[in-house]
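Scroll down for the structure; my scribbles are underneath it.
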Amino acid sequence: MSDRCPSCGASSAIGEEGRSHEQGGVRYTLMRCGACTMIFWTPLRMPDRHYYESLELDLDSSYYETMHTEGYGELPIHQKPFFRHCRLRQGQLLDLGCGDGTFLRFARAAGFDPVGVDFDAASVESAQRQGLEAVSSSFDEYFQEARQAGMRFDVVTMFEVLEHQCDPVGLLRGAFELLGSDGLLAGTVPNRVRFKPFGIDRYDFPPHHFLWFSRDVLEAMLSRAGFMDAVVSVELFGFRMDELRNRLGRPVKAFVARGVRGRSQREPRVPGASSASPLRGSRAQVLDAIKTVSRLAAAPAKIAEAAGERVTGRGASLYFQARKPGLASISH
Ligand SMILES: [Zn+2]
C-alpha cells in the first residue's frame with residue numbers, strides 16, 4: 025500500500041524525492057509520483073487519535089493549544105475564503121475536522137445548519153460547550169452512521185484535513201456520498217509551492233502532514249473522487265498571519281492579566297486567608313516570560329514570510345471548491 029500513490033493509485037511511477045525523516049521510531053521517506061506529481065511520505069500510516077489529543081507534537085503546538093484552551097475569537101484566515109467563494113448561505117453543512125467549532129459558529133451565523141466531526145474529544149467538548157452540534161468520531165465511523173441514517177448534506181467542508189490523510193481520495197468519496205445532488209465540497213490544504221524562505225515547515229513532516237499538494241494535484245484528485253467544476257485558488261496570507269496574531273495576542277493578554285492580579289495582591293490581606301504558593305507563582309511567571317520572548321522573537325520571521333507570500337504570489341493555502349454532479353445517482 026505504501027508503494028502506491030495516494031492520489032492516482034499508480035505504483036510503477038513512484039520515485040524518491042530524496043528526503044527522509046524519523047519520528048517515533050518510524051523512518052519516513054518522501055516520495056514523488058511520476059504520473060500525477062503528488063508528493064507524499066511513506067509509510068502512509070496515520071497516527072491514532074491520541075496523537076492529536078496528547079499534543080505531544082515535536083513542533084510548536086501553540087495552534088492546537090489555543091484551540092483547546094480558549095478557541096479563536098475570530099475566524100481563522102484560511103477559512104475566510106469559504107465565505108467569499110461559497111454562493112450558498114443556508115442548508116445542512118458538515119465540517120470534517122471541526123476542532124473547537126469556530127468555523128461551525130461562523131457558518132451558523134451565516135445561515136447554515138452546521139454539524140462538525142472531529143476525533144479529538146477535547147476539542148469537540150469545547151464546541152459542544154458553545155452550544156454547537158459536534159460529534160467526536162473518526163470520519164469513517166461518522167460516514168457509516170450518516171449513510172445508515174440516510175443523512176444528506178448541502179455542503180461538506182474540510183479545512184487543513186486532507187494533507188493528514190493516508191487515503192485522501194477515499195475521504196473525498198466519503199464526503200461525495202453524503203452530499204445531495206449539486207452539493208458543494210470546500211476546504212483548504214497547505215500549498216506546497218508556498219513562499220518558504222526558511223526551508224521546509226516543521227508542520228510538513230509525518231506523522232503530522234503526509235501529503236504535499238499543488239494546485240494541479242488537488243484539482244485532479246477532486247475529479248478522481250467524482251467532483252465537477254473544481255476550482256482551486258491560491259490564498260495569500262495563509263494561516264501564518266493568524267498564527268502571528270495568536271502569538272502576539274496571548275502574551276499581551278497574559279501580561280495585562282498579571283498586571284491586574286498584581287495590583288489586587290497589594291491590597292490589604294484578610295488575616296488568615298490562604299494564598300497561592302509563591303514558588304509556583306514565580307515559576308509560572310518565568311515560563312510565561314520565556315514563552316513571550318520566544319513568540320516575540322519569531323514575529324519578524326513570520327512578518328517577512330507573510331510579506332514574501334504577497335510579493336511572490338505563492339500563498340500558503342490552497343482553497344478548493346467543487347460540486348457533486350446534479351444528475352448522479354447515489355452509489356452504493
Ligand atoms: Zn499519482
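Note that this note's numbering has the sequence shown beginning at 25, numbered continuously upward.
Every residue gets a Cβ at the ideal spot worked out from N, C-alpha and C, and that includes glycine.
Since the structure is predicted, the reported quantities are computational estimates derived from the model, not experimental observations.
> Between Ser31 and ligand 1, is the CB less than 7 Å from at least one heavy atom?
Replying inline: Taking the first residue of the sequence shown as 1, we reach residue 31 at position 7. Flag set: Cβ of Ser31 near ligand 1.
> For the alpha helix (DSSP H) that contains Ala199, what are its first and last residues?
Replying inline: Counting from 1 along the sequence shown, the entry for residue 199 is found at position 175. Per DSSP, Ala199 belongs to the alpha helix (DSSP H) from Pro192 to Leu202.
>> If contacts are defined as beta-carbon pairs under 8 Å, then Arg197 and Ile63 qualify, I think. What distance do you get, rounded to the angstrom?
In response: As a first step, residue 197 must be located in the sequence shown, where it is residue number 173. As a first step, residue 63 must be located in the sequence shown, where it is residue number 39. About 22 Å; that fails the 8 Å criterion.
> Thinking C-alpha only, which one of Phe183, Phe167, Gly207 and Phe219 is nearest Gly194?
Replying inline: Taking the sequence shown and counting its residues from 1, the one referred to as residue 194 is at position 170. Considering only alpha carbons, the answer is Phe167.
>> Taking the beta carbon of Ala297 as the centre, do at least 16 other beta carbons fall within 10 Å, making it buried, or is it exposed?
In response: Translated into the one-based positions of the sequence shown, residue 297 becomes position 273. Confidence in Ala297 is poor, its pLDDT being 45 and thus under 50, which makes the residue's placement too unreliable to answer from.
>> Taking 8 Å as the limit between beta carbons, can you name the residues of its chain near Ile38, skipping five residues before and five after?
In response: For the purposes of this step, residue 38 is taken as residue 14 along the sequence shown, with counting starting at 1. Result list for Ile38: Asp27, Arg28, Cys29, Met55, Arg56, Cys57 and Gly58, in chain order.
> Of the choices Phe143, Glu41, Gly33 and Lys104, whose alpha-carbon is the least far from that of Thr126?
Replying inline: Numbered from its first residue, the sequence shown carries residue 126 at position 102. Taking the Cα of Thr126 as reference, the smallest distance to any Cα among Phe143, Glu41, Gly33 and Lys104 is reached at Lys104.
> What whole-angstrom Cβ distance do Pro231 and Gln47 have, given they're in contact under 8 Å?
Replying inline: As a first step, residue 231 is located in the sequence shown; it is residue number 207 there, counting from the start. As a first step, residue 47 is located in the sequence shown; it is residue number 23 there, counting from the start. Under the criterion of beta carbons closer than 8 Å, Pro231 and Gln47 qualify as touching, at roughly 6 Å.
> Going by beta carbon distance, what residues of the same chain come within less than 6 Å of Glu259, once the five residues before and after it are set aside?
Replying inline: If you number the sequence shown from 1, residue 259 lands on position 235. Correct list, in chain order: Pro105, Gly339, Ser341 and Tyr343.
>> Classify Phe251: buried if its beta carbon has 16 or more other beta carbons within 10 angstroms, exposed otherwise.
In response: Along the sequence shown, one-based indexing puts residue 251 at 227. Phe251 sits buried, since 16 or more C-beta atoms from the chains shown fall within 10 Å of its C-beta.
> Is the region 178-185 touching the region 141-150, taking contact as three or more C-beta pairs under 8 Å?
Replying inline: Of all C-beta pairs linking the region 178-185 to the region 141-150, fewer than three are shorter than 8 Å, placing the two stretches out of contact.
> Can you tell me where the alpha helix (DSSP H) with Glu169 in it begins and where it stops?
Replying inline: Locating residue 169 in the sequence shown gives position 145, where the first residue counts as 1. Phe163 to Gln172 is the span of the alpha helix (DSSP H), which, as asked, contains Glu169.
> So is Leu209 buried or exposed if we call it buried at 16+ other beta carbons inside 10 Å?
Replying inline: Within the sequence shown, the letter at position 185 stands for residue 209. By the Cβ-count criterion, Leu209 is buried, with 16 or more other Cβ atoms from all chains shown falling within 10 Å of its own Cβ.
> Nearest to Asp253 by alpha carbon, out of Gly135, Phe107, Arg132 and Lys348?
Replying inline: As a first step, residue 253 is located in the sequence shown; it is residue number 229 there, counting from the start. With distances taken between Cα atoms, Asp253 lies closest to Lys348.
> Fully enclosed by the region 31-65, which alpha helix (DSSP H) runs are 4 residues long or longer?
Replying inline: Taken in chain order, no unbroken stretch of alpha helix (DSSP H) lies wholly in the region 31-65 with a span of 4 residues or more.
> Should Phe136 be labelled buried (16 or more other beta-carbon atoms within 10 Å of its own) or exposed?
Replying inline: Residue numbering aside, residue 136 sits at position 112 when the sequence shown is read from its first letter. Under the 10 Å beta carbon count, Phe136 is surrounded by 16 or more other beta carbons and is classified as buried.
>> Could you check whether the Cβ of Ala249 sits closer than 7 Å to any heavy atom belonging to ligand 1?
In response: By one-based count along the sequence shown, residue 249 stands at place 225. No, the Cβ of Ala249 stays beyond 7 Å of every heavy atom of ligand 1.
>> Which same chain residues end up closer than 6 Å to His109 when comparing Cβ atoms and leaving out the 5 residues on each side of it in sequence?
In response: Sequence index remark: in the sequence shown, residue 109 carries index 85 (1-based). Gln345, listed in sequence order.
>> Using 8 Å as the threshold, is the C-beta distance between His102 and Phe229 below it?
In response: Here residue 102 refers to the residue found at position 78 of the sequence shown. Here residue 229 refers to the residue found at position 205 of the sequence shown. A distance of 8 Å or more separates the beta carbons of His102 and Phe229.
>> Using CA atoms only, rank isn't needed, just tell me which of Tyr227, Asp142 and Leu118 is closest to Phe177.
In response: For the purposes of this step, residue 177 is taken as the residue at position 153 of the sequence shown. Checking every option, the nearest Cα to that of Phe177 belongs to Leu118.
>> Report the CB separation of Ser205 from Gly350 in whole angstroms; it is logged as a contact under 8 Å.
In response: Your numbering for residue 205 matches position 181 in the sequence shown. Your numbering for residue 350 matches position 326 in the sequence shown. Taking C-beta atoms under 8 Å as the contact rule, Ser205 and Gly350 qualify, at a distance of about 5 Å.
> Any idea if Gly42 is buried or exposed, counting beta-carbon neighbours within 10 angstroms, 16 or more meaning buried?
Replying inline: Locating residue 42 in the sequence shown gives position 18, where the first residue counts as 1. Its Cβ having fewer than 16 others within 10 Å, Gly42 is exposed.
> Going along the chain, which residues of its own chain have a beta-carbon closer than 7 Å to the beta-carbon of Phe107, five neighbours each way excluded?
Replying inline: Residue mapping note: residue 107 aligns to position 83 of the sequence shown, counting from 1. Taking Phe107 as the centre and dropping the five residues before and after it, the same chain places the C-beta of Ala134 closer than 7 Å to its C-beta, in chain order.
> Residues bridged to Met182 by DSSP?
Replying inline: In the sequence shown, residue 182 corresponds to position 158, counting from 1. Paired residue(s): Leu120 and Gly211.
> From Glu187 to Phe234, what does the alpha carbon distance come to, in whole angstroms?
Replying inline: Numbered from its first residue, the sequence shown carries residue 187 at position 163. Numbered from its first residue, the sequence shown carries residue 234 at position 210. If you take the alpha carbons of Glu187 and Phe234, they lie about 6 Å apart.
>> Alpha carbons only, please: which of Gln116, Gly332 and Asp124 is nearest the one belonging to Leu99?
In response: The count along the sequence shown starts at 1 and reaches residue 99 at position 75. When each option's Cα is compared against that of Leu99, the closest is Asp124.
> Among all the DSSP beta bridges, which residues are the ones paired with Pro138?
Replying inline: The count along the sequence shown starts at 1 and reaches residue 138 at position 114. Its beta-bridge partners are Leu117.
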